[in-house]
Each structure stands twice: as structure tokens, then as C-alpha cells.
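Reading through the C-alpha cells given below for one structure.
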Amino acid sequence: MPGGGADGYAAVGCGDELALGALHATTHLGLAPRARLTAALAAADHHSAGVTGPYTYVSTPKK
Numbered sequence: 004m005p006g007g008g009a010d011g012y013a014a015v016g017c018g019d020e021l022a023l024g025a026l027h028a029t030t031h032l033g034l035a036p037r038a039r040l041t042a043a044l045a046a047a048d049h050h051s052a053g054v055t056g057p058y059t060y061v062s063t064p065k066k
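The sequence shown runs 4 to 66 under the working numbering.
Here is the structure:
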């Protein structure tokens with residue numbers, strides 16, 4: 004999964020499918036990356052008992 008999946012994003016953990024659905028649904032909405040991540044985490048948090056905040060966002064420089 005280095006660099007993300009074929010779609011340019013990836014998710015792991017018990018809410019991964021929920022987060023992937025949110026990332027897919029927001030692909031063409033013109034949202035900033037952080038907004039898309041927040042939406043994905045909110046979807047996973049809402050629909051999975053195993054996902055809960057608080058969340059930490061970590062950025063790494065592009066290679």
C-alpha cells in the first residue's frame with residue numbers, strides 16, 4: 004500500500020471500508036485533503052463501533 008491504492012488513497016482498520024466509501028464519494032467534490040479525511044473518519048466513526056476519535060493527522064513530505 005505504499006503511496007496509497009490505485010485510486011490515490013487507502014484506509015486501514017476496522018472502519019476501512021466505510022472510510023474508503025467516503026473517500027470515493029468525495030473524489031470529485033473539490034474538497035481539500037483534510038476535509039476529505041475528516042469526512043472519511045466521521046463516516047467510519049458513525050457507522051462502526053470500533054472507530055472513535057480523537058484523531059491525529061500526520062503529514063509527510065512528498066518524495
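Yeah, the Cβ is synthetic: ideal placement off N, Cα and C, and Gly gets one too.
Report the three-state DSSP secondary structure of residue i (helix, strand or coil).
| i | result |
| --- | --- |
| Pro57 | coil |
| Ala22 | helix |
| Leu44 | helix |
| His50 | helix |
Decide if residue i is buried, meaning its Cβ has at least 16 other Cβ atoms within 10 Å, or exposed.
| i | result |
| --- | --- |
| Val15 | exposed |
| Met4 | The predicted model places Met4 with a pLDDT of 46, which falls under 50 and marks its position as unreliable, so this point remains unresolved. |
| Ala22 | buried |
Could you tell me the distance, in whole angstroms, from the CA atom of residue i to the CA atom of residue j?
| i | j | result |
| --- | --- | --- |
| Ala38 | Asp48 | 15 Å |
| Gly18 | Ser51 | 6 Å |
| Val54 | Gly24 | 15 Å |
| Ala42 | Ala28 | 10 Å |
| Ala9 | Thr59 | 24 Å |
*Using 8 Å as the Cβ pair cut-off and three pairs as the minimum, do the region 25-35 and the region 56-64 touch?*
Not touching, per the Cβ criterion.
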